[in-house]
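Those protein sequence lines, which keep their order, are chains U and E. Take the first sequence: its letter number 64 is residue 65 in this note's numbering, and every next letter is one higher. Take the second sequence: its letter number 118 is residue 122 in this note's numbering, and every next letter is one higher. Ideal placement from N, C-alpha and C gives every residue a C-beta, glycine not left out. Treat the numbers as computed from the prediction; the structure is a model and nothing was measured.
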Amino acid sequence: MQMLCGNLAPSAGEIRINGIDLLDAPREAKRHLGYLPEIPPLYRELTVDEYLDYCGRLHGLKHQDLHRAREESKARCGLKESGKRLIGNLSKGYQQRVGIAQAILHSPPVVVLDEPTVGLDPIQIREIRELIRDLGREHAVLLSTHILPEVQAVCSRVLIIHQGNLALNATIQELERHVHSSSLTLETHQPVDTQALLKLEGVESVEQENDQQCRYLVFCAHGTEPTEAIARLVLEKGWGLVELSPRRRSIEQIFMEITQHEE
Amino acid sequence: MSALIIASRELRSLFLSPLAWSILAVVQFLLAYMFLSQVEYFQSLQPQIAALEDSPGVTDLIVVPLFGNAGVILLLVTPMLTMRLISEERRNRTLSLLFSAPVSISEIILGKYLGIAIFLGLMILMITAMPLSLTFGTHLDWGKVAACVLGLGLLLASFAAIGLYLSSLAMQPVVAAVGSFGILLLLWIIDWNATVAPKRGKSWDISPCSGTIRTCSKG
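Right, here's the structure in full:
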């Protein structure tokens, strides 16, 4: 991440931002880039307006353009009221917003956000995520995060890098398909007759879960949907249906599988 | 252009912190005290030196020592100003803002240097105001005053450059300050050594400390 944004020099390989080589033409490439590091680079002694003006000038904005860009990015990040306040006096969530405002100020085609929701409370996290999703419509947003549900919430494409190697490169839809796996959880009041379940079409095997008496794992054949049939059977036999739901593998599990598989 | 933007932010941050104001105030107070005692000393000496032929004037006895003292005091003060230039940005992680902006490294350094140079320029202006106040009662040797200002300016420019370099190496501002103190004091000692034992050769005399002012004001 730091290499992408010119903070560290790579030992090998090349970096292209919007088609421009970062090492050959750093100025030109960085013009197309907005970067929010993990810790937002804020000068606590400046006001929000002063700070954004400074960032804008560094990116070569002047007079009218500067003023317009500043007002626009403040409006987008919900900072309209805080222009005159000192950055040091803002809450963590607002400081994060100032960081994002700084990254999108010069409307770069590429925005890189490094863990933008770390240390925020749930409401702030939701607001920031909404903001990121909003940004995604106009800018290419590269988001790095360790919070996997966040990926599901805001991203359209997922790359998992494990020990320096690209372990997964998939769209979120492909990932969703991973998430829907082919097993169901069934819970009843009375013990069920596994033989009867196995006779249903699509049911491959039934396992009792370890600790609980009437909780079962039902594995289905690929591409079949025996949920309805199972429900009907359980009702007919009067076993007392408590729960019948498809087991969703969490994105954490997929992550673990992918990274462990690599090893 | 970007260098000027960085320099102006640097100055603004300097004046938003109490550090700059207190340094200006303390330096001005100390030098004013020295200046006044020098004026008093000159007044007590005046009847004696008036009889001498080719006697040293007001400029030699008041202005030149003032700038000499200013050089020594600022030797102790400049590291405190330069220490935060880069190391503080590194510690607060604000440096990445400059790195990911379309600004080259030399512009960053130039901007930082300009910022501190303008601040030191202000300080020189305030110091020069003291001898200028003497023009109400007497007249000064303008050539010597100009030489003193130039000498102090060059001296501070070199102090700032050394401080900036050490600030770019250090992670913590204090380490940068200690480092630049060390180097500046070493240069001072070399200079002092040269005046004590001049036989050791001319090469010592080029050390940029108070020697600069001495040579400037003599020439």
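- prompt: So which residues of chain E does ARG32 (chain U) contact, with C-beta pairs closer than 8 Å?
  reply: PRO106
Under the three-state DSSP convention, the category LEU37 (chain U) falls into: strand
PHE33 (chain E): contacting residues in chain U (beta-carbon distance under 9 Å): Neighbours of PHE33 (chain E) on chain U: none; closest Cβ ~25 Å, over 9 Å.
message: Less than 8 Å between the C-beta atoms of LEU156 (chain E) and ALA36 (chain E), yes or no?
response: no
query: Taking any Cβ of chain E, which residues in the region 60-79 of chain U have a Cβ under 9 Å from it, in chain order?
result: Those would be HIS60 and GLY61, in chain order.
message: 8 Å is my cut-off, CB to CB: does PHE103 (chain E) come that close to chain U?
response: yes
message: Taking only three categories from DSSP, how would you classify ARG45 (chain U)?
response: Here ARG45 (chain U) sits in coil by DSSP.
- prompt: So is SER21 (chain E) in contact with chain U if we call contact Cβ pairs under 8 Å?
  reply: By this cut-off, SER21 (chain E) is an interface position.
- prompt: If we cut at 8 Å on Cβ distances, does ARG97 (chain E) have a partner in chain U?
  reply: By this cut-off, ARG97 (chain E) is an interface position.
- prompt: Between the C-alpha atoms of GLY120 (chain U) and LYS93 (chain U), what's the straight-line distance to the nearest angstrom?
  reply: Per the coordinates, the alpha-carbon of GLY120 (chain U) lies some 8 Å from the alpha-carbon of LYS93 (chain U).
task: Tell me whether ALA104 (chain U) sits in a helix, a strand or coil according to DSSP, three-state version.
output: helix
field: Min CB distance ARG98 (chain U) to chain E below 8 Å
entry: Not closer than 8 Å to any Cβ of chain E, the Cβ of ARG98 (chain U) fails to qualify, so no.
query: Between GLU116 (chain U) and GLU229 (chain U), is the Cβ-Cβ spacing less than 8 Å?
result: Taking 8 Å as the Cβ cut-off, GLU116 (chain U) and GLU229 (chain U) do not qualify as a contacting pair.
message: So, with DSSP's three-state summary, where would you put CYS152 (chain E)?
response: helix
- request: Go ahead and label THR42 (chain E) buried or exposed: buried means 16 or more other beta carbons lie within 10 angstroms of its beta carbon, across all protein chains shown.
  value: In the sequence as presented, Thr is not what sits at residue 42 (chain E); that position holds Gln. Residue environment analysis places GLN42 (chain E) among the buried positions, since at least 16 neighbouring C-beta atoms fall within 10 angstroms of its C-beta.
Bridge partner(s) assigned by DSSP for GLU1 (chain U): This structure cannot settle anything about residue 1 (chain U), because the visible part of chain U is limited to 2 through 264.
- request: For the region 4-19 of chain U, enumerate the residues whose C-beta is nearer than 7 Å to any C-beta of chain E, in chain order.
  value: CYS6, GLY7 and ASN8
field: Pairwise C-alpha distance: THR63 (chain E) and PRO27 (chain U)
entry: 53 Å
- request: Return the first residue and the last residue of the beta strand (DSSP E) that GLU210 (chain U) is part of.
  value: It is not in any beta strand (DSSP E) - GLU210 (chain U) carries neither H nor E in the DSSP assignment.
task: Check the Cβ of SER184 (chain E) against every Cβ in chain U and list those closer than 8 Å, keeping chain order.
output: Under the 8 Å cutoff, chain U gives no residues; its nearest Cβ is about 23 Å from SER184 (chain E).
Euclidean distance between Cα positions of ILE27 (chain E) and ILE161 (chain U): So the two alpha carbons sit approximately 52 Å from each other.
query: Run through DSSP, which three-state label would ALA10 (chain U) get?
result: Taken through DSSP and simplified to helix, strand or coil, ALA10 (chain U) comes out as coil.
field: Top-ranked residue by Cα proximity to TYR217 (chain U), from U:VAL142, U:SER246 and U:ASP135
entry: U:SER246
message: Once the 5 residues before and after GLU175 (chain E) are set aside, which same chain residues still bring their CB inside 7 Å of it?
response: Note on identity: in this sequence residue 175 (chain E) is Met, with Glu being the wrong assignment. Excluding five sequence positions before and after MET175 (chain E), the CB atoms of its chain that fall closer than 7 Å to its own CB belong to SER91, ARG94 and ARG95, given in chain order.
query: Between SER157 (chain U) and ILE173 (chain U), which are expected to be in contact by the criterion C-beta below 8 Å, what is the C-beta distance as a whole number of angstroms?
result: 6 Å
- request: Using beta-carbon positions only, say whether ALA171 (chain U) and VAL159 (chain U) come within less than 8 Å of one another.
  value: Yes, the pair counts as a contact, with Cβ atoms nearer than the cut-off.
message: Following a CB-centred definition, is GLU14 (chain E) positioned closer than 7 Å to any heavy atom of the ligand MN?
response: Inclusion of the ligand MN in the displayed structure is not the case, the ligand content being empty and no account of it being possible.
query: Looking at GLU258 (chain U) and LEU149 (chain U), is the spacing between their C-beta atoms short of 8 Å?
result: no
- prompt: TYR55 (chain U) versus chain E: which residues are under 8 Å apart at the beta carbon?
  reply: ILE9 and ARG13
- request: Would you please verify whether the beta carbon of ILE21 (chain U) is less than 8 Å from any beta carbon of chain E?
  value: Using a CB distance cut-off of 8 Å, ILE21 (chain U) does not count as an interface residue toward chain E.
Partner residues on chain U for SER137 (chain E), Cβ-Cβ distance less than 7 Å: Per Cβ cutoff of 7 Å: no residues; SER137 (chain E) is ~34 Å from chain U at best.
field: Reference ILE126 (chain U); option with closest CA among U:ARG32, U:GLU151, U:GLU82 and U:GLY35
entry: U:GLU151
- request: Give a yes or no on contact between the region 9-18 of chain E and the region 37-52 of chain U, applying the rule of three or more CB pairs nearer than 8 Å.
  value: yes
- prompt: Quick one: Cα of ALA10 (chain U) to Cα of MET4 (chain U), how far?
  reply: 6 Å
field: Cα-Cα separation between LEU8 (chain E) and HIS64 (chain U), rounded to whole angstroms
entry: 16 Å
message: For the region 69-84 of chain U against the region 100-110 of chain U, do three or more pairs of beta-carbon atoms, one drawn from each stretch, fall closer than 8 Å, so that the two count as touching?
response: yes
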